[in-house]
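These notes are about the structure you will find just below.
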Amino acid sequence: MCGRYTLTRHDRIVEVVPNITIPSKLHIVDRFNIAPTQSVLAVANTAQLEAELMHWGLVPFWAKDKAIGNRMINARAETLTEKPAFKMNLEKHRCLILADGFYEWRRHDDGSKTPMYIHLKDHRPFAFAGLWDVWRDEEANEKLISCTIITTEPNDLMATIHNRMPVILPHEAVLDWLDEKPRDGAEMSAWLKPFPASEMLAYPVSRRVNTPANDTPDLVQPATAQPPAPSSPPARPSRKKPPARSDDAGLFG
0 MCGRYTLTRH
10 DRIVEVVPNI
20 TIPSKLHIVD
30 RFNIAPTQSV
40 LAVANTAQLE
50 AELMHWGLVP
60 FWAKDKAIGN
70 RMINARAETL
80 TEKPAFKMNL
90 EKHRCLILAD
100 GFYEWRRHDD
110 GSKTPMYIHL
120 KDHRPFAFAG
130 LWDVWRDEEA
140 NEKLISCTII
150 TTEPNDLMAT
160 IHNRMPVILP
170 HEAVLDWLDE
180 KPRDGAEMSA
190 WLKPFPASEM
200 LAYPVSRRVN
210 TPANDTPDLV
220 QPATAQPPAP
230 SSPPARPSRK
240 KPPARSDDAG
250 LFG
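Residue numbers are given in numbering that gives the first Met the number 0: position 202 of the sequence shown equals residue 201, and the series is strictly consecutive.
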């Protein structure tokens, strides 16, 4: 799965989508710990090649409650054509979710987990393959544009960390993925493959990334070995107070 990612250089997204328009009304900042249910920078397959903010967690147009999006942050590539929430969107509502790295947690035999940061070796930004939809609550006059990140089987690098990985589109497929023309699942599957492991790098980072509220540049820095806590000095034996002299007994009493 993909549950956290980064976009640390939003000024470089033109490298992912040439000629993209970024509306001035969008307040975009560098992000180091993007989490589900937050607003994410995406590009939908509409006539305008324009960046926009979407809610991370797909809410299908037919959903009665938008809370369903909390369970739909990812969509498995292998079953896209089988799930009602994804099938139609695969054909008509595809999007790019812009990023330059992501986190995954490596599980150890003792049950503990180490957060790993994964990015491309040349540090260039990229696009996750995504789906989007529009949900409306007529009574509350609310409109929500939401998205999900497609995942696939891991490449050799990711297999040492997790059993899934997000689909990173190759540069030559980005504009094809945004084509407004409806496409069938078989045609799409050619792009939903693991990204080459030889072009990726992974390393452990601070456990501070576990908390979504932490969103600072240090999160993507390699974790440093923590020095052992200094051992406490041995306790000094307590001195016993000498017994009071009998002639002192009446000084204060």
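For every residue, glycine included, the Cβ atom is placed at its ideal position computed from N, Cα and C. As the structure is a prediction and not an experimental result, all values here were calculated from the model.
*Tell whether a beta-carbon distance below 9 Å holds between tyrosine 202 and alanine 222.*
Going by C-beta atoms, tyrosine 202 is nearer than 9 Å to alanine 222.
_In the DSSP assignment, the beta strand (DSSP E) including asparagine 73 goes from what residue to what residue?_
73 to 75
_Proximal residues to asparagine 154 (C-beta, below 8 Å), its chain only, five neighbours per side dropped_ = Met164, Pro193, Phe194, Pro195, Ala196 and Met199
*Between arginine 206 and glutamate 138, what straight-line distance do the alpha-carbon atoms span, to the nearest angstrom?*
42 Å
*Taking the C-alpha atoms as reference points, what is the distance between proline 227 and histidine 107?*
Low per-residue confidence applies at proline 227: pLDDT is 42, beneath 50, and the placement is therefore not dependable, though the value from the model is reported in the following sentence. Whole-angstrom Cα-Cα distance: 21 Å.
*Is the beta carbon of histidine 92 sitting closer than 9 Å to the one on alanine 46?*
Contact: no.
_Please return the same chain residues whose Cβ sits closer than 6 Å to the Cβ of methionine 157, not counting the five positions on each side in sequence._
Met164
_Suppose the cutoff is 8 Å on Cβ atoms and the five residues either side in sequence are ignored; what does the same chain contact list for valine 204 look like?_
Within the same chain, Tyr102, Pro114, Met115, Tyr116, Leu218, Val219, Gln220, Pro221 and Ala222 come within 8 Å of valine 204 by CB-CB distance, once the 5 residues on both sides are set aside.
*Excluding five sequence neighbours on each side, which residues of the same chain lie with their C-beta closer than 8 Å to the C-beta of glycine 249?*
For glycine 249, the predicted model reports a pLDDT of 29, less than 50, meaning its position is unreliable; a value from the coordinates is still stated below. Around glycine 249, the same chain offers no residue with a beta carbon nearer than 8 Å, after the five sequence neighbours per side are excluded.
*Counted within 10 angstroms of its Cβ, other Cβ atoms place aspartate 99 as buried (16 or more) or exposed*: buried
*Determine the direct distance from the alpha carbon of threonine 215 to that of asparagine 69, and round the result to whole angstroms.*
24 Å
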